[in-house]
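Residue numbers (the working numbering): 28 to 315.
Using N, Cα and C, we set each Cβ at its ideal position, and we do this for glycine too.
Comments concern the structure below.
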């Protein structure tokens with residue numbers, strides 16, 4: 028299955044102690060790079076959560092942010108770190124005295140300050156478990172969204188592959204006609220120069236011309252690349268790097284075809300190929 032590297036997921040889980048909110052964003056990246064932003068009271072989750080990200084995702088820059096909003100009505104039933112809380116209040120008051128229009132102290136912000144809430148061990152363990160479960164839900168949502176976008180990318184790539192196959196078929200049909208046209212041009216040039224036609228010399232020139240404009244090998248390789256790309260798109264493994272390599276191979280063959288183009292039709296076919304390949308290359312950059 029094709030997965031995009033670009034997605035966003037959010038999971039909000041209310042509890043008696045407050046609300047746990049996870050936001051996970053992922054964007055394109057050559058490798059997997061996960062960063063976690065956690066409140067101090069949740070720091071012990073960082074290692075296990077990183078492992079979960081590595082288990083489910085192969086590539087992308089992934090930012091995971093956890094926010095915890097304590098329940099205001101639970102403040103009195105929770106064991107508060109009174110010395111720290113008083114220090115925060117005193118510091119806020121000192122700062123307010125130096126300001127012209129100080130804002131009122133927000134109790135919820137004080138509760139969110141690391142170390143102000145001294146929950147019991149049982150409460151802390153339960154909160155950690157809820158945060159881990161919410162993270163799994165957000166990660167599943169992220170992967171689902173990456174899958175949906177990946178399916179759309181696969182459809183776009185299949186359309187471009189069809190276009191490339193059509194260009195290859197057109198060029199195959201054109202080659203005998205192009206060779207015949209250039210044979211006649213060569214004969215006409217001999218006649219215009221009033222040179223005696225030497226059939227052997229003419230045939231030699233035609234052989235050299237045929238070798239110069241022969242693109243059968245390039246067309247065969249393009250067909251092979253199309254088949255390989257479709258095979259990779261149908262696999263179940265991370266495929267972004269493999270597809271990126273195939274785009275380079277596609278581009279190599281298209282450049283060769285362009286250099287061997289001998290009339291406007293073959294030139295246009297080579298240009299169309301490069302357009303399809305560039306469109307695929309841009310989309311492949313988003314694939315895991």
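Using C-beta distances below 7 Å, list every residue in its chain close to residue i, excluding the 5 sequence neighbours before and after it, in chain order.
i	result
residue 188	253, 256, 257
residue 248	280
residue 292	201
Can you check whether the CB of residue j is closer than 7 Å to the CB of residue i?
i	j	result
residue 51	residue 169	yes
residue 86	residue 59	yes
residue 31	residue 176	yes
residue 157	residue 89	no
residue 97	residue 126	no
residue 91	residue 63	yes
residue 165	residue 36	yes
residue 49	residue 93	yes
residue 242	residue 287	yes
residue 161	residue 306	no
Considering just the uninterrupted stretch of the alpha helix (DSSP H) at residue i, what are its terminal residues?
i	result
residue 258	243-260
residue 315	Here residue 315 belongs to no alpha helix (DSSP H), and DSSP marks it neither H nor E.
residue 292	291-311
residue 263	Run containing residue 263: none; DSSP gives neither H nor E here.
Here's a check: name, in chain order, each residue in its chain whose Cβ is nearer than 8 Å to the Cβ of residue i, leaving out the five neighbours to either side.
i	result
residue 314	29, 30, 31, 32, 177, 180, 266, 267, 270
residue 330	There is simply no residue 330 to check, as the chain begins at 28 and stops at 315 in what is shown.
residue 54	32, 33, 87, 88
In its own chain, which residues sit with a C-beta less than 6 Å from the C-beta of residue i, not counting the 5 before and 5 after it?
i	result
residue 311	270, 271, 274
residue 57	none
residue 172	34
residue 67	141
residue 294	288
**Entirely enclosed beta strand (DSSP E) segments - the segment 116-180, minimum 3 residues** = none
**Prompt:** Does the segment 298-306 come close enough to the segment 271-282 that 3 or more CB-CB pairs lie under 8 Å?
**Reply:** Counting Cβ pairs under 8 Å, three or more are found: they touch.
**Asked** Could you give the uninterrupted runs of the beta strand (DSSP E) lying entirely in the segment 30-96, keeping only those of 3 residues or more?
**Response** 34-41, 45-54, 59-64
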